[in-house]
Amino acid sequence: DVKVTQSSRYLVKRTGEKVFLECVQDMDHENMFWYRQDPGLGLRLIYFSYDVKMKEKGDIPEGYSVSREKKERFSLILESASTNQTSMYLCASSFWTSVTYEQYFGPGTRLTVT
Amino acid sequence: EDQVTQSPEALRLQEGESSSLNCSYTVSGLRGLFWYRQDPGKGPEFLFTLYSAGEEKEKERLKATLTKKESFLHITAPKPEDSATYLCAVMKSGGSNYKLTFGKGTLLTVNP
Chain H
1 DVKVTQSSRY LVKRTGEKVF LECVQDMDHE NMFWYRQDPG LGLRLIYFSY
51 DVKMKEKGDI PEGYSVSREK KERFSLILES ASTNQTSMYL CASSFWTSVT
101 YEQYFGPGTR LTVT
Chain S
1001 EDQVTQSPEA LRLQEGESSS LNCSYTVSGL RGLFWYRQDP GKGPEFLFTL
1051 YSAGEEKEKE RLKATLTKKE SFLHITAPKP EDSATYLCAV MKSGGSNYKL
1101 TFGKGTLLTV NP
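As they're listed, the protein sequences go chains H and S.
First residue of the first sequence? That's 1 in the working numbering, and the numbers climb one at a time after it.
First residue of the second sequence? That's 1001 in the working numbering, and the numbers climb one at a time after it.
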């Protein structure tokens, strides 16, 4: 079974703090993603990485950065947390074969910024 | 702009009452359409990928179908444990090989 794990299920941080969210996958997938999910807005892509040290901006990268130093690990960094970054954060990893593409999600981190 | 619209927003069924969820999409060339199930407070669980019009896939009481403009997720004789939010997403051809655009989901409630 594919396993994507996230470092915390719940996190409470103060405005202005630097926040690190970590994601680990155990299936040697090339691609990893960070999304946020908000009521009424659905899932939105923040950043993704298609290889170690490689990254691309998604739809809403402002206020975030990412790091991928090892293939299995993808970190999301909130440089200076703000209340509008209170959200559910979801990590995913994916793979292609010659006939199929599948993307798997972690359990999510519920971040509250006060 | 790529768009994915799911309907209805919410659906309430009695146990055993079959129905369908709809996902209509506007994308310049579809590379794949994806269905996920999401339970409250958890990450989405992958169900199916469909690649071409006419394709169908099944898993237990769920069957996904695809046309050139929309996909249906048919639920046959649902049980209360099928209650969840069902998400649809598309990947377009010619763009990023990785980016999925998600709909806002259909909240399914199955009453015993």
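Yeah, the Cβ is synthetic: ideal placement off N, Cα and C, and Gly gets one too.
Pairwise C-beta distances place the region 1005-1013 of chain S out of contact with the region 15-28 of chain H, as fewer than three of them are shorter than 8 angstroms.
For chain S, the residues of the region 76-99 of chain H that bring a beta carbon within less than 7 angstroms of one of its beta carbons are 90 and 94, in chain order.
DSSP, read as helix, strand or coil, puts residue 1067 of chain S in coil. Separation of the CB atoms of residue 1061 of chain S and residue 1078 of chain S is rounded to 6 angstroms, and the pair is thereby assigned contact status at 8 angstroms. When the alpha-carbon of residue 7 of chain H is set against those of H/84, H/109 and H/49, the nearest one is in H/109.
Partner residues in the beta bridge of residue 1045 of chain S, as assigned by DSSP, are S/1037. The alpha-carbon of residue 1070 of chain S is positioned some 16 angstroms away from that of residue 1093 of chain S.
The region 74-88 of chain H and the region 98-105 of chain H do not touch, with fewer than three beta-carbon pairs separated by less than 8 angstroms. The beta-carbon of residue 1043 of chain S is placed less than 8 angstroms from the nearest beta-carbon of chain H. Proximity to residue 1030 of chain S across S/1110, S/1101 and S/1108 peaks at S/1101, based on C-alpha coordinates. Per DSSP, residue 62 of chain H lies in no beta strand (DSSP E) segment and is marked neither H nor E. Below 8 angstroms, enough C-beta pairs join the region 1016-1034 of chain S and the region 1046-1062 of chain S to call them touching: three or more. Listed as beta-bridge partners of residue 29 of chain H by DSSP are no residues whatsoever. In the three-state DSSP reduction, residue 1002 of chain S falls in the coil class, being neither helix nor strand. Around residue 65 of chain H, the same chain offers 77 as residues with beta carbons nearer than 6 angstroms, after the five sequence neighbours per side are excluded.
Straight through space, the alpha carbons of residue 105 of chain H and residue 41 of chain H are spaced by roughly 18 angstroms. Between residue 1085 of chain S and residue 1038 of chain S, the beta carbon gap of about 5 angstroms places them in contact (Cβ cut-off 8 angstroms).
Assigned with DSSP and collapsed to three states, residue 1081 of chain S falls in helix. In the DSSP secondary-structure assignment, residue 1075 of chain S is bridged to S/1019 and S/1062. Nearest Cα to residue 92 of chain H within the set H/83, H/54, H/59 and H/73: H/73. Annotation: residue 1086 of chain S has no Cβ neighbours in chain H at a cutoff of 8 angstroms; minimum Cβ distance is about 12 angstroms.
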